[in-house]
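Okay, structure first, notes after.
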Amino acid sequence: MARTNPALQLFGLAAQYGRTLLIVGLLAGIFLPELASAMRPWLQELVALLMFLAALRIGPKNAFGALADAPKIIGITAINQLVLPLMLIALFWSISMLETNLATALILMAAASSISGSPNLTIMVGADPAPALRLLVIGTALLPLTVLPVFYCLPVLGSPTMVMIAAAKLLGVIALSALLAFGLRRLFLSDPGPEATRAIDGCSAIAMAVIVVGLMSSVGSTLATDPAEFVSWLAIAFLVNFGLQLAAYYVLGSTVQANERTAFAIIAGNRNIALFLVALPAEIIDPVLLFIGCYQIPMYLTPIVMKRFYARS
Numbered sequence: 025m026a027r028t029n030p031a032l033q034l035f036g037l038a039a040q041y042g043r044t045l046l047i048v049g050l051l052a053g054i055f056l057p058e059l060a061s062a063m064r065p066w067l068q069e070l071v072a073l074l075m076f077l078a079a080l081r082i083g084p085k086n087a088f089g090a091l092a093d094a095p096k097i098i099g100i101t102a103i104n105q106l107v108l109p110l111m112l113i114a115l116f117w118s119i120s121m122l123e124t125n126l127a128t129a130l131i132l133m134a135a136a137s138s139i140s141g142s143p144n145l146t147i148m149v150g151a152d153p154a155p156a157l158r159l160l161v162i163g164t165a166l167l168p169l170t171v172l173p174v175f176y177c178l179p180v181l182g183s184p185t186m187v188m189i190a191a192a193k194l195l196g197v198i199a200l201s202a203l204l205a206f207g208l209r210r211l212f213l214s215d216p217g218p219e220a221t222r223a224i225d226g227c228s229a230i231a232m233a234v235i236v237v238g239l240m241s242s243v244g245s246t247l248a249t250d251p252a253e254f255v256s257w258l259a260i261a262f263l264v265n266f267g268l269q270l271a272a273y274y275v276l277g278s279t280v281q282a283n284e285r286t287a288f289a290i291i292a293g294n295r296n297i298a299l300f301l302v303a304l305p306a307e308i309i310d311p312v313l314l315f316i317g318c319y320q321i322p323m324y325l326t327p328i329v330m331k332r333f334y335a336r337s
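Per the working numbering, the very first residue in the sequence shown carries number 25; after that it's consecutive.
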């Protein structure tokens with residue numbers, strides 16, 4: 025009888041309790057501020073690792089799909105990253121709130137591409153991660169273009185050139201991670217079995233739990249000094265994240281295939297707003313840091329809160 029690899033068993037166990045690991049990471053980020061601060065400098069490397077693991081699990085064939093998908097993916101990207109933020113700009117301008125921190129936070133969120141962990145979130149709710157990875161890659165590639173009109177309408181946000189450089193760096197990380205993963209898949213995992221696949225899922229769950237610790241570095245202090253402000257921003261983050269997921273799911277309806285609908289809805293609510301941390305001036309980012317931290321909470325609770333909805337639907 026063949027012996028089971030202990031490492032594969034351990035990572036398989038992590039996959040089984042992946043949603044619990046995310047909760048542990050959130051709590052650690054909030055209540056262990058020193059640990060969160062220590063993790064923050066490593067966020068870029070951890071995001072690259074997460075992207076590598078997602079690409080490794082999916083493989084090149086499923087990741088890119090048929091060329092016929094390109095127009096649909098580009099159209100959804102345009103709606104997510106261009107139409108929505110411009111609508112928000114018009115809304116906040118019409119009610120004279122365009123210069124507020126709330127407007128800045130929500131417009132930045134809407135202008136951002138998908139989080140790097142969206143394929144992993146899609147896996148955790150039991151859906152096909154390949155459409156999420158395709159939308160992630162194309163959305164990030166188009167970000168330097170889609171963000172320009174948004175920043176043209178909001179010149180206070182800083183230089184669009186800086187944002188394009190940041191987006192190009194992220195795209196480079198994604199491309200390199202995918203290239204390495206696809207090469208490894210071709211050489212050693214051309215047809216991974218269920219045990220190997222669950223081990224990859226377990227590695228992804230651990231990586232996501234570690235990443236969220238660093239992203240929560242600004243939340244703990246506010247919770248201790250001004251709980252009311254924390255609760256207000258947290259409520260906004262929940263409303264925006266889950267509201268966009270539900271809206272996208274019902275708006276898409278029968279316009280996309282069933283295996284794509286869940287992935288696209290998850291991405292609608294979960295955006296890589298943290299990208300702008302390295303692209304925009306501190307005087308613009310500092311007032312919305314609390315929202316960025318609070319936004320991680322519904323993001324990482326998506327597999328728990330929304331799993332039953334997506335499964336039932």
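Where is the CB? At the ideal position from N, CA and C, for every residue including glycine.
Apart from the 5 residues on each side of it in sequence, V174 sits with its Cβ closer than 6 Å to the Cβ of P109 and A135 in its chain, given in chain order. Non-local C-beta neighbours of A223 in its own chain, meaning closer than 7 Å and more than five positions away in sequence, comprise L32, F35 and G36, ordered along the chain. Nearest in C-alpha terms to S242, of all of T44, A38 and F55, is F55.
By DSSP's assignment, S256 forms no beta bridge with any residue. Here Y273 is actually not in contact with V149; their C-beta atoms are around 12 Å apart, not less than 8 Å. In this model, A248 and P57 are separated by some 11 Å (Cα to Cα). For the 8 Å CB-CB criterion, V236 and Y324 form a contact.
Burial is judged here by how many other beta carbons sit within 10 angstroms of a residue's own beta carbon; N144 has at least 16 and is buried.
Put simply, the backbone Cα of G49 is about 11 Å away from that of G42.
Around the beta carbon of D225, 16 or more other beta carbons sit within 10 angstroms, so the residue counts as buried.
Using a 10 angstroms sphere on the CB of N29, the tally of other CB atoms stays under 16, which defines it as exposed. Per DSSP, reduced to three states, the secondary structure at S245 is helical.
In the DSSP assignment, M240 falls outside any alpha helix (DSSP H), carrying neither H nor E.
Residue pairing by DSSP places R295 opposite S138 in a beta bridge. Along the length of the stretch 47-125, whole beta strand (DSSP E) runs at least 3 residues long do not occur. Look at M330 here: in three-state DSSP terms it is coil, with no helix or strand label. Rounded to the nearest angstrom, the Cβ distance from N265 to I139 is 11 Å, too far for a contact under 8 Å. Boundaries of the alpha helix (DSSP H) around Q33: P30 to Q40.
Only residues of its own chain outside the window of five on either side were considered, and among them T101 have a CB closer than 6 Å to the CB of L166, listed in chain order. Sorting C227, P251 and K85 by C-alpha distance to the C-alpha of R158 places K85 at the top. Where L159 is concerned, the enclosing alpha helix (DSSP H) starts and stops at A154 to C177. Sequence-distant partners of P322 (beyond 5 residues in either direction) whose C-beta falls short of 7 Å from its own C-beta, in its chain, are A261, F262, N265 and F266. Going by C-alpha positions, R81 is about 14 Å away from A231.
Relative to F288, the option among I147, P155 and L169 whose CA is nearest is P155.
Excluding the 5 residues flanking it on each side, G141 has same chain C-beta neighbours closer than 7 Å at L74 and M232, in chain order. Setting aside the 5 residues that flank it on each side, I98 is surrounded in the same chain by I162 and L166, each with a C-beta closer than 8 Å to its C-beta; the list follows chain order. Taking a C-beta distance under 8 Å as the contact criterion, L239 and G53 qualify as a contact pair. Here DSSP, grouped into helix, strand and coil, assigns P305 to coil.
T185 counts as exposed, since fewer than 16 other beta carbons sit within 10 angstroms of its beta carbon.
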